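Chemist:
2 protein chains.
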Amino acid sequence: MSDPFVVVGGDAAGLSAASKCKREAPEREVIVFEKGQWVSYAHCGMPYYVKGEVESLNDLLSLSPEGIADRGIDLRRGHEVVGVDPAARTVTVESGNGRSEQPYGDLLIATGAHAVSDPIDGADLAGAFTVHSMDAAAALRAFLTPPGAADPDAVDGEAVDRELVAAYAERDPPASAAIVGGGYVGVEMAEAFSAHDLDVHLFQRPERLLPPFGEAPAERVAETLRDHGVTLHLDTEVERLAGEDTVEAVVGDGERIPVDTAVVGIGIRPNTALLDGTGIELGHSGAIATDEYGRTSRENVYAAGDCAEMRHAVTGESDWVPLGLTANRAGRAVGQTVAGTPTPVGDIAGTAVVKAFEMECGRTGILDHERARDVGFDPVSETITAGSRSGYYPGGAETTVTLTADRGTGRLLGGSIAGEDRAAIRIDTLATALDGDATVGELERLDLAYAPPFSPVWDPVLVAAKVLNGRLEN
Amino acid sequence: MSDPFVVVGGDAAGLSAASKCKREAPEREVIVFEKGQWVSYAHCGMPYYVKGEVESLNDLLSLSPEGIADRGIDLRRGHEVVGVDPAARTVTVESGNGRSEQPYGDLLIATGAHAVSDPIDGADLAGAFTVHSMDAAAALRAFLTPPGAADPDAVDGEAVDRELVAAYAERDPPASAAIVGGGYVGVEMAEAFSAHDLDVHLFQRPERLLPPFGEAPAERVAETLRDHGVTLHLDTEVERLAGEDTVEAVVGDGERIPVDTAVVGIGIRPNTALLDGTGIELGHSGAIATDEYGRTSRENVYAAGDCAEMRHAVTGESDWVPLGLTANRAGRAVGQTVAGTPTPVGDIAGTAVVKAFEMECGRTGILDHERARDVGFDPVSETITAGSRSGYYPGGAETTVTLTADRGTGRLLGGSIAGEDRAAIRIDTLATALDGDATVGELERLDLAYAPPFSPVWDPVLVAAKVLNGRLEN
Numbered sequence: 036m037s038d039p040f041v042v043v044g045g046d047a048a049g050l051s052a053a054s055k056c057k058r059e060a061p062e063r064e065v066i067v068f069e070k071g072q073w074v075s076y077a078h079c080g081m082p083y084y085v086k087g088e089v090e091s092l093n094d095l096l097s098l099s100p101e102g103i104a105d106r107g108i109d110l111r112r113g114h115e116v117v118g119v120d121p122a123a124r125t126v127t128v129e130s131g132n133g134r135s136e137q138p139y140g141d142l143l144i145a146t147g148a149h150a151v152s153d154p155i156d157g158a159d160l161a162g163a164f165t166v167h168s169m170d171a172a173a174a175l176r177a178f179l180t181p182p183g184a185a186d187p188d189a190v191d192g193e194a195v196d197r198e199l200v201a202a203y204a205e206r207d208p209p210a211s212a213a214i215v216g217g218g219y220v221g222v223e224m225a226e227a228f229s230a231h232d233l234d235v236h237l238f239q240r241p242e243r244l245l246p247p248f249g250e251a252p253a254e255r256v257a258e259t260l261r262d263h264g265v266t267l268h269l270d271t272e273v274e275r276l277a278g279e280d281t282v283e284a285v286v287g288d289g290e291r292i293p294v295d296t297a298v299v300g301i302g303i304r305p306n307t308a309l310l311d312g313t314g315i316e317l318g319h320s321g322a323i324a325t326d327e328y329g330r331t332s333r334e335n336v337y338a339a340g341d342c343a344e345m346r347h348a349v350t351g352e353s354d355w356v357p358l359g360l361t362a363n364r365a366g367r368a369v370g371q372t373v374a375g376t377p378t379p380v381g382d383i384a385g386t387a388v389v390k391a392f393e394m395e396c397g398r399t400g401i402l403d404h405e406r407a408r409d410v411g412f413d414p415v416s417e418t419i420t421a422g423s424r425s426g427y428y429p430g431g432a433e434t435t436v437t438l439t440a441d442r443g444t445g446r447l448l449g450g451s452i453a454g455e456d457r458a459a460i461r462i463d464t465l466a467t468a469l470d471g472d473a474t475v476g477e478l479e480r481l482d483l484a485y486a487p488p489f490s491p492v493w494d495p496v497l498v499a500a501k502v503l504n505g506r507l508e509n
Numbered sequence: 036m037s038d039p040f041v042v043v044g045g046d047a048a049g050l051s052a053a054s055k056c057k058r059e060a061p062e063r064e065v066i067v068f069e070k071g072q073w074v075s076y077a078h079c080g081m082p083y084y085v086k087g088e089v090e091s092l093n094d095l096l097s098l099s100p101e102g103i104a105d106r107g108i109d110l111r112r113g114h115e116v117v118g119v120d121p122a123a124r125t126v127t128v129e130s131g132n133g134r135s136e137q138p139y140g141d142l143l144i145a146t147g148a149h150a151v152s153d154p155i156d157g158a159d160l161a162g163a164f165t166v167h168s169m170d171a172a173a174a175l176r177a178f179l180t181p182p183g184a185a186d187p188d189a190v191d192g193e194a195v196d197r198e199l200v201a202a203y204a205e206r207d208p209p210a211s212a213a214i215v216g217g218g219y220v221g222v223e224m225a226e227a228f229s230a231h232d233l234d235v236h237l238f239q240r241p242e243r244l245l246p247p248f249g250e251a252p253a254e255r256v257a258e259t260l261r262d263h264g265v266t267l268h269l270d271t272e273v274e275r276l277a278g279e280d281t282v283e284a285v286v287g288d289g290e291r292i293p294v295d296t297a298v299v300g301i302g303i304r305p306n307t308a309l310l311d312g313t314g315i316e317l318g319h320s321g322a323i324a325t326d327e328y329g330r331t332s333r334e335n336v337y338a339a340g341d342c343a344e345m346r347h348a349v350t351g352e353s354d355w356v357p358l359g360l361t362a363n364r365a366g367r368a369v370g371q372t373v374a375g376t377p378t379p380v381g382d383i384a385g386t387a388v389v390k391a392f393e394m395e396c397g398r399t400g401i402l403d404h405e406r407a408r409d410v411g412f413d414p415v416s417e418t419i420t421a422g423s424r425s426g427y428y429p430g431g432a433e434t435t436v437t438l439t440a441d442r443g444t445g446r447l448l449g450g451s452i453a454g455e456d457r458a459a460i461r462i463d464t465l466a467t468a469l470d471g472d473a474t475v476g477e478l479e480r481l482d483l484a485y486a487p488p489f490s491p492v493w494d495p496v497l498v499a500a501k502v503l504n505g506r507l508e509n
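Residue numbers (the numbering used here), protein chains in the order written: chain A, 36 to 509; chain B, 36 to 509.
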């Protein structure tokens with residue numbers, strides 16, 4: 036009887052699990068099925084590859100297929116898992132060699148997520164991209180690079196779709212770009228397109244950029260983007276991308292703005308179609324429901340990464356916050372668990388950071404008042420702006436901090452930070468406080484770092500805690 | 036009968052207390068006695084003033100005497116409190132107008148600390164300084180500035196000792212400098228002297244710089260100082276500064292090294308002589324013993340700032356860690372308490388950060404194994420070095436993290452961080468975790484920030500937690 040640890044999906048969660056299991060239990064057979072050719076690549080780095088700040092595709096790979104093999108992992112690319120039978124403990128796999136059954140002892144679903152673009156008509160035109168695959172990133176960079184200026188080493192990925200890249204390399208580079216969606220990808224792509232001197236239009240359906248970050252960071256990012264010449268179209272619904280074969284314009288809210296290329300970054304959805312009919316339950320978000328060890332509702336079946344929900348540190352409820360650290364951490368924990376040492380995947384706090392040109396933003400926990408009330412809190416927030424260094428020390432920058440707490444208990448629920456001087460990394464202080472169920476009073480009395488080059492006596496985080504705590508006490 | 040809140044000492048703790056009390060209880064009389072002329076000045080900024088990075092003395096003042104008066108505080112400079120009678124609730128004050136008694140309702144001792152230099156013979160020679168007073172900082176900067184290049188605005192402090200400054204301004208600027216002591220002041224002054232192109236010799240009696248930071252940051256700072264041409268004399272005891280009237284050489288360990296100026300930064304001691312015979316108890320460190328509200332052993336007498344002990348977040352015991360935030364926070368809490376709202380001063384974790392040229396270091400909690408064993412822990416430490424950003428993203432730097440934990444419980448006891456890219460501020464994550472009594476396992480599972488420009492998927496703090504936790508589990 037075969038007892039392999041079978042992993043579906045060769046990216047962050049899947050390969051973290053496979054690697055950890057092999058390290059802890061070297062004798063166990065570990066098989067990873069990946070339907071595509073790319074494995075272990077850094078989604079978060081793609082905008083910087085498109086920008087040109089990251090030189091080559093290979094730089095974005097954490098592990099090569101050879102490195103994975105060296106770990107003793109049986110990686111099978113071009114193998115798509117099309118069925119799961121939890122009762123028989125088998126998966127059905129399709130590859131160039133046809134269809135086969137693979138028994139498993141433990142199974143990890145690490146199928147990730149896919150970028151949504153279908154609400155936007157025309158997203159399949161040439162010149163339109165979602166920056167969610169290595170091939171798309173390679174094609175877009177080739178498109179942006181003037182003929183003759185292309186760096187042959189930039190497209191060094193062994194798995195890359197060379198035909199697609201070559202087709203874009205032959206086109207005239209775009210002079211203008213539309214970005215549909217003002218989330219992480221949208222904001223980062225604005226920076227990337229600007230680096231190529233494009234005229235950039237960013238369209239966002241909500242009134243604000245980066246909705247999970249709340250009002251204050253959104254305003255600071257909007258100001259920064261405008262300062263860099265990006266035209267913001269907020270509160271604007273894009274109906275379609277127009278053009279014959281190639282994107283020629285963005286159409287929305289009665290306007291038609293000519294552009295030469297477009298990126299659609301309006302969200303991602305978990306890849307769960309594989310689980311239809313398996314009895315593996317999904318959570319309210321549509322991602323796979325898991326417990327504190329990453330277990331699904333079926334025995335010996337785990338889920339981790341962008342396809343799975345996890346428990347939220349503040350609400351205690353399951354939530355879907357698909358981010359890189361979460362995938363790596365949960366994958367690693369599952370690998371350790373199936374190797375024989377049950378290991379919790381940890382909670383998520385929704386901690387996220389983003390860079391928009393020189394502006395840095397971070398957020399963690401629950402900032403949205405409606406969401407806070409939904410889970411039984413009575414939220415109250417304060418926003419302050421304070422210097423990042425002692426006033427007399429050069430190089431400081433105004434740092435905006437928002438804190439949200441529960442009025443009755445004083446418990447910190449969430450926070451955001453925006454500024455240009457070491458602002459984003461300060462969010463870790465709040466993420467750590469959330470994990471320890473700190474109150475705002477406790478936050479106010481934290482013994483944080485002070486030295487003129489790094490922080491004023493009262494760090495902006497402490498200033499915000501003082502102000503919010505003052506309000507809670509009255 | 037008079038019920039004023041009387042404060043002894045017009046610096047961070049004293050004026051924080053006075054200001055907070057006046058804000059919360061505007062009708063209460065608040066009197067601050069300051070024996071000198073300087074009030075509310077930033078000790079931590081002095082090395083940067085000497086360096087020339089901070090332009091003027093006035094930049095180092097948080098509040099002007101006029102600003103203090105505007106708050107309704109009765110500030111009396113040139114008034115030294117020479118006696119305290121807790122039974123009679125009076126203090127004895129000496130000023131240019133002679134001696135008088137001042138009744139108090141509440142009393143705050145905020146007398147600060149003084150720099151120690153007397154173990155070094157010759158520390159009273161001209162050209163030798165302790166960088167612990169505004170006048171000394173002004174004189175040293177004047178000394179370092181070539182005649183004719185002096186910025187008249189640099190010595191704009193209303194209280195400055197102009198005679199002293201003028202005398203140093205007339206001297207030939209030094210070409211070489213000795214720094215006696217490799218703590219904060221020593222390291223910061225090495226940077227300051229180097230900025231004036233001096234040949235710098237730093238003498239440190241212990242084997243390592245910055246002893247509270249532990250081995251790894253000390254080594255990285257030593258390497259950085261050497262890279263900038265500073266000659267380190269570690270494990271070297273300075274016997275004396277030699278010279279006729281003026282410093283001409285440093286003598287120690289059988290060597291005589293000629294230098295033109297010297298800074299002695301070998302430590303500070305709390306100013307407590309005033310309390311002899313008052314029954315106000317001192318703690319084991321020699322600083323004033325206080326409880327969680329900053330109360331001393333005598334009724335209605337508080338102590339805060341560099342003259343007072345506070346409770347340590349990790350050991351639960353009283354400790355003396357004289358730092359800026361502690362003084363401000365404790366002073367503010369005492370001001371609120373005497374205004375009618377009892378407010379804890381908070382614990383200290385010994386969080387400190389320091390900059391040495393481009394190297395940033397932070398430390399918090401208990402790192403020293405002997406100290407940890409003294410308070411009943413079984414310490415175990417790990418040190419790792421990891422990148423500060425995703426490997427493919429430009430601008431990252433090697434970041435060294437040391438974590439110490441208790442073997443039995445896994446509780447985090449302390450940590451240090453050193454590196455050149457946003458390293459120091461990351462110590463706040465550890466300070467916050469300490470305050471929440473986090474274990475290393477909990478630290479490992481924190482949902483910290485990840486984005487390529489700011490952090491790799493596994494932040495160096497998480498990498499260290501993984502490694503230490505792996506050791507604790509085996």
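Cβ coordinates follow ideal geometry from the N, Cα and C atoms, glycine included. What you are looking at is a predicted structure, and each value in this text was computed from that prediction instead of being measured.
Taking the continuous alpha helix (DSSP H) assigned at I103(B), which residues delimit it?
Modeler: That run of the alpha helix (DSSP H) goes 100-105.
Chemist: What's the C-alpha gap between D456(A) and G430(A)?
Modeler: Going from the Cα of D456(A) to the Cα of G430(A) covers about 8 Å.
Chemist: With a cut-off of 8 Å, does the C-beta of A459(A) fall near any C-beta of chain B?
Modeler: True, the Cβ-Cβ gap to chain B drops below 8 Å.
Chemist: Report the partner residues of M345(A) according to the DSSP bridge assignment.
Modeler: DSSP, once it has assigned bridges, lists D354(A) as partnering M345(A).
Chemist: Return yes when the Cβ of G300(B) is within less than 8 Å of the Cβ of F238(B), no when it is not.
Modeler: Contact flag unset, no.
Chemist: Pull the bridge partners of H231(B) from the DSSP assignment, please.
Modeler: Looking at the DSSP assignment, H231(B) forms no beta bridge with any residue, so it has no partner.
Chemist: Identify every residue that forms a DSSP beta bridge with G296(B).
Modeler: Correcting the residue type first, residue 296(B) is Thr in the shown sequence and not Gly. DSSP, once it has assigned bridges, lists A212(B) as partnering T296(B).
Chemist: Decide if the segment 477-494 of chain A is in contact with the segment 303-316 of chain B; the criterion is three or more beta carbon pairs, one per stretch, under 8 Å apart.
Modeler: They do not touch, by the three-pair rule.
Chemist: Among R442(B), T266(B), E69(B), E393(B), which has the Cα closest to the Cα of G505(B)?
Modeler: Comparing Cα positions, the closest option is R442(B).
Chemist: Buried or exposed for I315(B), going by 16 or more other Cβ atoms inside 10 Å?
Modeler: Classification of I315(B): buried, given that the 10 Å Cβ count is 16 or more.
Chemist: Check distances from the C-beta atoms of the segment 462-481 of chain B to those of chain A and list, in chain order, the residues that come in under 9 Å.
Modeler: Within the segment 462-481 of chain B, the residues whose Cβ lies closer than 9 Å to some Cβ of chain A are I462, D463, T464, L465, A466, T467, A468, L469, D470, G471, D472, A473, G476, E477, L478, E479, R480, L481, listed in chain order.
Chemist: The alpha helix (DSSP H) that contains K390(B), what's its start and end?
Modeler: Run containing K390(B): none in the alpha helix (DSSP H); it sits in the beta strand (DSSP E), 387-391.
Chemist: Which residues mark the beginning and the end of the beta strand (DSSP E) in which S135(B) is found?
Modeler: Unbroken beta strand (DSSP E) run through S135(B): 133-138.
Chemist: Using the beta-carbon count (16 or more within 10 Å), is V117(B) buried or exposed?
Modeler: V117(B) is exposed by the Cβ-count criterion.
Chemist: Look up D403(A) in the DSSP assignment and say whether it is helix, strand or coil.
Modeler: D403(A) falls in the coil class under three-state DSSP.
Chemist: Measure the alpha-carbon distance for A343(A) versus G133(A) and round it to whole angstroms.
Modeler: About 29 Å.
Chemist: Could you list which residues in chain B have their beta carbon closer than 8 Å to that of L95(A), in chain order?
Modeler: Correct list: Y427.
Chemist: Going along chain A, which residues have a C-beta under 9 Å from N363(B)?
Modeler: Within chain A, the residues near N363(B) are Y485, V492, W493.
Chemist: Can you tell me which of the three DSSP states A486(B) falls into?
Modeler: Three-state result, A486(B): strand.
Chemist: Looking at the strands, I want to know which residues DSSP matches up with P305(A).
Modeler: Paired residues: A148(A).
Chemist: Measure the CB-CB distance between G71(B) and A230(B) and report whether it falls below 8 Å.
Modeler: Result no, Cβ atoms of G71(B) and A230(B) do not sit closer than 8 Å.
Chemist: So which residues of chain A does D382(B) contact, with C-beta pairs closer than 8 Å?
Modeler: Within 8 Å Cβ-Cβ: R480, D482.
Chemist: The segment 79-108 of chain B: which residues have C-beta closer than 7 Å to a C-beta of chain D, in chain order?
Modeler: This model lacks chain D altogether, as its protein chains are A and B.
Chemist: Tell me the DSSP secondary structure of K501(B) in three-state form.
Modeler: Three-state result, K501(B): helix.
Chemist: How many Å lie between R111(B) and P100(B) at the Cα?
Modeler: If you take the alpha carbons of R111(B) and P100(B), they lie about 9 Å apart.
Chemist: Is there a C-beta anywhere in chain B that falls below 8 Å from the one on S135(A)?
Modeler: Not an interface residue.
Chemist: Tell me which residue opens and which closes the alpha helix (DSSP H) that G449(B) is part of.
Modeler: It is not in any alpha helix (DSSP H) - G449(B) instead sits in the beta strand (DSSP E) that spans 447-454.
Chemist: Taking the alpha helix (DSSP H) that I323(A) belongs to, which residues open and close that run?
Modeler: Where I323(A) is concerned, there is no enclosing alpha helix (DSSP H), given that its DSSP letter is neither H nor E.
Chemist: Based on Cα-Cα distance, which residue from P181(B), T361(B), A387(B) lies nearest to Q381(B)?
Modeler: Looking at the sequence shown, residue 381(B) is not Gln but Gly. The shortest C-alpha separation from G381(B) is found at T361(B).
Chemist: Taking the Cβ atom as the reference point for each residue, do A384(B) and V410(B) lie within a distance shorter than 8 Å?
Modeler: No; because the gap between Cβ atoms is not below 8 Å, this pair is not in contact.
Chemist: Given that L358(A) touches chain B, what residues does it touch there, using C-beta distances under 9 Å?
Modeler: Per Cβ cutoff of 9 Å: D482, Y485.
Chemist: Relative to the alpha-carbon of S353(A), which residue among R367(A), A473(A), V373(A), A322(A) has its alpha-carbon at the smallest distance?
Modeler: The shortest C-alpha separation from S353(A) is found at A322(A).
Chemist: Under the DSSP definition of a beta bridge, which residues are partnered with L317(B)?
Modeler: According to DSSP, L317(B) bridges with I323(B).
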